[in-house]
Amino acid sequence: MDKSVFSYLDKKYRYLNNYIRTINKYLFTDPKRAIEQERNYVENLTQEIAKLEGYGLLNSMTQFERLRKLECEGVLNHNIQKSFHMVRVLETKAAFSDIRGQIEAALSINRNIHAITSWFVKSYIYPKYVIVSYNNPILQQGKVYAIDNDGIIDIMKKQHNDSLTEKNKLKDEVIMQNKNDKEIDSTEFFLDSIFN
3 MDKSVFSYLD
13 KKYRYLNNYI
23 RTINKYLFTD
33 PKRAIEQERN
43 YVENLTQEIA
53 KLEGYGLLNS
63 MTQFERLRKL
73 ECEGVLNHNI
83 QKSFHMVRVL
93 ETKAAFSDIR
103 GQIEAALSIN
113 RNIHAITSWF
123 VKSYIYPKYV
133 IVSYNNPILQ
143 QGKVYAIDND
153 GIIDIMKKQH
163 NDSLTEKNKL
173 KDEVIMQNKN
183 DKEIDSTEFF
193 LDSIFN
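In my numbering, the protein residues as written are 3 to 198.
See below:
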């Protein structure tokens, strides 16, 4: 069985894993509390990245300023930048949502945290780590949640479909970029043959 991406945090970053445990505990029962813990997790992880990259002074900045600096320095790739940005957007959205919207936001943030943590583990802890797809949390039978199980399952299905749509869009963008790169290469080859 694959090791959970979060288990790689246990040795040096146990306190981050404590956030994950709390998030998992409250994800469906108290999504507002889970979102607070998700925000704390992401901010602390960002501070750890800043320290590892030699930008310890970034810890006195806001999360927005820290992320901007890490982006400008090329530390974060496009997908990870997008995941960090989505966490911030979803936190704000959840503040004005009903309980269903909060659960939806908490699950989306959870998915982004998985992507960010996978990148962090591969980049800073275990370069041989093979990134595995995110799996939705499992509902426990007999447990009382903030909304009924069917509502939660509907949210998960919607997010899964949205994720597939996003993957297809990214795939199309990569295909288009590769096509453009090939056109540029053939143009350069043509120009080289004319001028050389």
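Backbone N, C-alpha and C fix where the C-beta goes; we use that ideal spot for every residue, glycine too. All values reported here derive from a predicted model rather than from experimental measurement.
Mind reading off the beta-carbon distance from residue i to residue j? Whole number of angstroms is fine, and I expect it under 8 Å.
| i | j | result |
| --- | --- | --- |
| Y28 | R35 | 5 Å |
| Y10 | I127 | 5 Å |
| K73 | R41 | Inspection of the sequence shows that residue 73 is occupied by Glu rather than by Lys. Their Cβ separation, rounded to whole angstroms, is 19 Å, which puts E73 and R41 out of contact at 8 Å. |
| A108 | I37 | 5 Å |
| V89 | I51 | At roughly 14 Å, the Cβ-Cβ gap does not stay under 8 Å, so V89 and I51 are not in contact. |
| F122 | L47 | 6 Å |
| S120 | I133 | 4 Å |
Please confirm whether any heavy atom of the ligand HEM lies closer than 8 Å to the CB of residue i.
| i | result |
| --- | --- |
| L11 | This structure lacks the ligand HEM, and indeed carries no ligand of any kind. |
Tell me the DSSP secondary structure of residue i in three-state form.
| i | result |
| --- | --- |
| I105 | helix |
| I111 | helix |
| D100 | coil |
| N79 | coil |
| Y15 | coil |
| E40 | helix |
| Y126 | helix |
| L29 | coil |
| E55 | coil |
| S6 | coil |
| I22 | helix |
The alpha helix (DSSP H) that contains residue i, what's its start and end?
| i | result |
| --- | --- |
| E67 | Q65 to C74 |
| I133 | Looking at the DSSP string, I133 is not in any alpha helix (DSSP H), and its letter there is neither H nor E. |
Quick check on residue i - is its C-beta less than 9 Å from some C-beta in chain B?
| i | result |
| --- | --- |
| K130 | In the structure shown, chain B does not exist; there is a single protein chain. |
So does the region 69-87 actually touch the region 5-18, counting three or more Cβ pairs closer than 8 Å? no
When you compare the region 83-96 with the region 107-115, are there three or more beta-carbon pairs, one atom per stretch, that lie closer than 8 Å? yes
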